[in-house]
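Just remember that the numbering used here sits 95 ahead of the position in the sequence shown, which is counted from 1. Here the structure is laid out as structure tokens; the discussion comes afterwards.
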Amino acid sequence: LPAVLLVSYGFQAARKQAAAPADPIIAGFQKTTVASVADAVDQVCNRRGFLSHDVRPFVAGKVVGRARTSLVKPASPEQSTPTLAVKSSVDMIDSAKPGEVGVIVVEGSRDVSGIGGLMATAAKARGMAGVVLDGSVRDIGEIRAMGLPIYARGASPATAVSRFAGVARDIEVTCAGVNIKPGDIIVAGEDGVVAVPQDQAAAVLRRAQEIDERETQMVPFIKQFRSLTKAIEKFNRI
Numbered sequence: 096l097p098a099v100l101l102v103s104y105g106f107q108a109a110r111k112q113a114a115a116p117a118d119p120i121i122a123g124f125q126k127t128t129v130a131s132v133a134d135a136v137d138q139v140c141n142r143r144g145f146l147s148h149d150v151r152p153f154v155a156g157k158v159v160g161r162a163r164t165s166l167v168k169p170a171s172p173e174q175s176t177p178t179l180a181v182k183s184s185v186d187m188i189d190s191a192k193p194g195e196v197g198v199i200v201v202e203g204s205r206d207v208s209g210i211g212g213l214m215a216t217a218a219k220a221r222g223m224a225g226v227v228l229d230g231s232v233r234d235i236g237e238i239r240a241m242g243l244p245i246y247a248r249g250a251s252p253a254t255a256v257s258r259f260a261g262v263a264r265d266i267e268v269t270c271a272g273v274n275i276k277p278g279d280i281i282v283a284g285e286d287g288v289v290a291v292p293q294d295q296a297a298a299v300l301r302r303a304q305e306i307d308e309r310e311t312q313m314v315p316f317i318k319q320f321r322s323l324t325k326a327i328e329k330f331n332r333i
């Protein structure tokens with residue numbers, strides 16, 4: 096078959112894999128808002144779960160899934176060959192299960208891309224839900240065409256080769272101000288990105304659902320009484 100048909104077939108297969116029934120926790124978070132999840136982590140975990148404000152969607156799309164992590168650090172040109180520059184990220188992607196979310200930390204720089212078109216093609220073929228970077232992305236048009244959501248702190252055409260090396264995958268990382276462990280749940284959308292600790296995910300989901308329900312009741316109340324003050328007093332929510 097022509098290469099373009101093989102790629103198309105691969106993406107169709109990935110979509111079928113990604114459509115496999117999600118576990119109840121993931122399915123629940125898929126129906127919540129990012130803002131409610133951020134508030135719920137604040138209240139349940141007593142710490143922030145929201146990543147820095149400059150992590151934004153370069154390829155839009157809501158993302159919900161369990162984290163797979165990769166850490167990339169500065170390295171000498173001898174240690175940063177094409178094989179080693181993003182080895183941890185490549186290994187993470189090549190072992191990813193459908194629906195998982197890549198979390199790549201490019202330590203100390205936003206001037207170098209942590210993912211480009213080739214890595215994104217592999218992530219899409221594996222059925223990953225998306226990728227979050229504490230770092231930059233390149234080949235944005237190409238990635239947008241394949242429909243893989245990407246959240247990053249910047250865009251850069253620069254390669255990691257000769258500058259960085261992948262040092263570890265599936266470890267706890269600090270991504271844009273938040274500690275993330277493999278298996279934590281990533282919820283991302285137009286409002287930003289939130290990481291939910293997996294050991295508190297059920298409680299966070301319940302609280303997020305309560306917040307969503309309360310806000311659903313607040314909207315008609317505000318419209319009826321034309322008063323936000325009264326709504327805040329009644330629902331104790333803003």
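For glycine and all other residues, C-beta sits at the position ideal for the given N, C-alpha and C. All of these numbers come straight from a predicted model, not from anything done at the bench.
Taking C-beta atoms under 8 Å as the contact rule, VAL154 and PRO252 fail to qualify, at a distance of about 16 Å.
Between the alpha carbons of ARG309 and GLY230 lies a distance of about 36 Å. Taking 4 residues as the shortest admissible run, the stretch 221 to 305 contains the following complete alpha helix (DSSP H) segments, listed from N- to C-terminal end: 235 to 241. Around the CB of ASP118, fewer than 16 other CB atoms lie within 10 Å, so the residue is classed as exposed. GLY225 and GLU237 have their C-alpha atoms roughly 15 Å apart. A distance below 8 Å separates the beta carbons of VAL132 and VAL299. DSSP places LYS192 outside both helix and strand once states are collapsed to three, so it counts as coil. In the three-state DSSP reduction, GLY209 falls in the strand class (E or B). Following the DSSP letters along the chain, one finds GLY160 inside the beta strand (DSSP E) bounded by residues 158 to 169. The stretch 263 to 276 and the stretch 206 to 220 do not touch, with fewer than three beta-carbon pairs separated by less than 8 Å. LEU146 sits close to ALA290, with the two beta carbons spaced by under 8 Å.
For GLY156, the closest C-alpha among the options THR254, PRO292, GLN125, ASN274 is that of GLN125. The three-state reading of DSSP puts PRO152 in strand, counting E and B together.
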